[in-house]
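The listed protein sequences correspond, in order, to chains L and Z.
Under UniProt numbering, the first sequence has 31 at position 31, and the numbering climbs by one with no breaks.
Under UniProt numbering, the second sequence has 91 at position 91, and the numbering climbs by one with no breaks.
Beta carbons are placed, not taken as given, at the ideal position from N, Cα and C, and that holds for glycine.
Data block below; observations after.
Protein chains: 2
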Amino acid sequence: MERIPEAEWQVMEILWAESPMGAQDVAERLAPATGWSLATVKTLLGRLLAKGALAHDEEGRRYLYRPAVAREACVAGESRRLVDRLFGGRATPLVAHLADTGQLSDADIAELAKLVKELGK
Amino acid sequence: MERIPEAEWQVMEILWAESPMGAQDVAERLAPATGWSLATVKTLLGRLLAKGALAHDEEGRRYLYRPAVAREACVAGESRRLVDRLFGGRATPLVAHLADTGQLSDADIAELAKLVKELGK
DNA sequence: ACTTGACGACTACGCCCGTAATCGATAGCT
DNA sequence: AGCTATCGATTACGGGCGTAGTCGTCAAGT
C-alpha cells in the first residue's frame with residue numbers, strides 16, 4: 001500500500017466522508033480549513049489517482065472521485081509504522097507513554113478498561 | 001520542538017542509547033542496519049547539531065556528540081501528531097484500532113489490563 | 001619539515017511534497 | 001460561429017530529505 005502524505009491525506013478524508021464528488025466540491029470543503037486554491041486540490045487529486053488511492057467515474061467531461069483504498073487500511077499502515085519506529089513494534093509501551101504524558105483523560109481510561117475487558121474475553 | 005525526520009531519527013537512537021560518541025563510532029553502529037557511508041552520517045550529525053537536537057563537546061580536534069533533547073519528548077510529539085491526524089486526538093480509538101487489526105497479542109492485552117488497572121487507581 | 005590521514009564544513013543532486021499557474025480541449029451560451 | 005467558463009493534464013518551483021563527494025585544516029607519524 002502506497003504511503004499517503006499529509007496534504008493528500010486531507011483530500012482523502014473529504015472523500016472518505018462523502019463520495020463520489022467532483023474536484024470543485026472537494027476544493028470547497030477543504031478551503032475553510034486549508035485555504036488551498038482549486039489548482040492545488042486538482043494536483044492532489046491527480047497524484048492520488050496516479051498512485052491508485054482514488055478511482056474516478058467520468059460524468060460528462062469531469063470526474064467524480066471516490067476512494068479506492070479503505071481508510072481503515074491506511075490508518076493501519078500509518079499506526080503500524082509509528083509503533084514500529086517509536087516503540088519497537090510493541091503497542092503497550094505506546095499506551096503507557098500516552099498515559100505518562102497525560103494524554104489520557106479519566107474518561108479515556110475508563111473506556112480503555114472496558115475495551116480491554118472486552119478483548120480479554 | 002523541531003521535527004526529526006526518519007534518517008536523522010536513527011542517528012538519534014544511537015546516541016540516546018549511548019553517548020557521548022564520535023562521528024566514526026556512530027557511523028559504525030549504523031552501518032550494519034543502514035549501509036550508510038561515513039559522509040552521510042556526518043551530514044546527519046551536522047543537521048541535528050544545527051537544529052539543536054544534538055550538542056557537542058570538543059575532544060581534541062573532533063566532536064563528541066550527545067543528545068540535547070530527551071527521547072521521551074520527541075516520542076511524545078510524534079505520537080501526538082499521529083493520534084491527532086488519524087484519530088481526532090483521542091487515544092482510545094487508536095487502541096481499539098490496534099486491537100481490531102490484530103496488532104495486539106494476548107500478552108499485550110494482559111499487560112494493558114494491568115496498566116489500565118494501575119491508571120484507574 | 002613533509003606527507004598522510006582524519007576531522008568537521010561546505011557543496012551537490014535527485015526525489016518528494018506543498019503550492020500553484022498555465023494549457024489544450026470542450027461544453028454551453030449568444 | 002465565436003467567446004467564455006470549466007475540466008483534467010502538464011509544467012513549475014522552492015524547500016526538505018536521503019545520500020554522498022570534496023575541501024580546508026590540523027595532528028601525528030617519519
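- When C-beta distances to chain Z are compared with 9 Å, every residue of the segment 24-52 of chain L stays at or above that value.
- For Z:E59, the uninterrupted beta strand (DSSP E) run begins and ends at 54-59, by DSSP.
- When rounded, the separation of the alpha-carbon atoms in L:G22 and Z:H97 is 31 Å.
- By the Cβ-count criterion, Z:P5 is exposed, with fewer than 16 other Cβ atoms from all chains shown falling within 10 Å of its own Cβ.
- Taking every protein chain shown into account, the CB of L:E8 has 16 or more other CB atoms within 10 angstroms, so this residue is buried.
- Taking a Cβ-Cβ cut-off of 7 Å, the neighbours of Z:I109 in chain L comprise V116, L119, G120, given in sequence order.
- Around the beta carbon of L:E72, fewer than 16 other beta carbons lie within 10 angstroms, which makes this residue exposed.
- Within the segment 52-64 of chain Z, not one residue has a Cβ closer than 8 Å to any Cβ of chain L.
- A buried status is given to Z:S79, since no fewer than 16 other beta-carbon atoms sit within 10 Å of its beta-carbon.
- Taking a C-beta cut-off of 7 Å against chain L, the contacting residues of the segment 65-79 of chain Z are V75, A76, E78, S79, listed in chain order.
- Residue contact check for Z:A17 against chain L: no CB pair falls below 8 Å.
- Residues of the segment 91-105 of chain Z with a Cβ closer than 7 Å to any Cβ of chain L, in chain order: A91, T92, L94, V95, A96, H97, L98, A99, T101, Q103, L104.
- Z:L104 sits in coil when the DSSP states are folded into three classes, being neither helix nor strand.
- Z:V75 is the residue among Z:Q10, Z:V75, Z:G60 whose C-alpha sits nearest the C-alpha of Z:M1.
- In the structure shown, Z:R62 falls within a strand segment according to DSSP collapsed to helix, strand and coil.
- Where L:M12 is concerned, the enclosing alpha helix (DSSP H) starts and stops at 6-17.
- CA-to-CA, the gap between L:A99 and L:G52 works out to about 37 Å.
- About 5 Å separates the beta carbons of L:R29 and L:I14, which is inside the 8 Å limit, making them a contact pair.
- The residues V83, in chain order, have a CB closer than 8 Å to that of L:R90 in the same chain once the five nearest residues on each side in sequence are set aside.
- Taking C-beta separations shorter than 6 Å and ignoring five residues to either side along the sequence, the partners of Z:V11 in its chain run L44, following chain order.
- Looking at the backbone, the Cα of Z:A110 and that of Z:T40 are separated by about 43 Å.
- The alpha-carbon of L:V69 is positioned some 14 Å away from that of L:E18.
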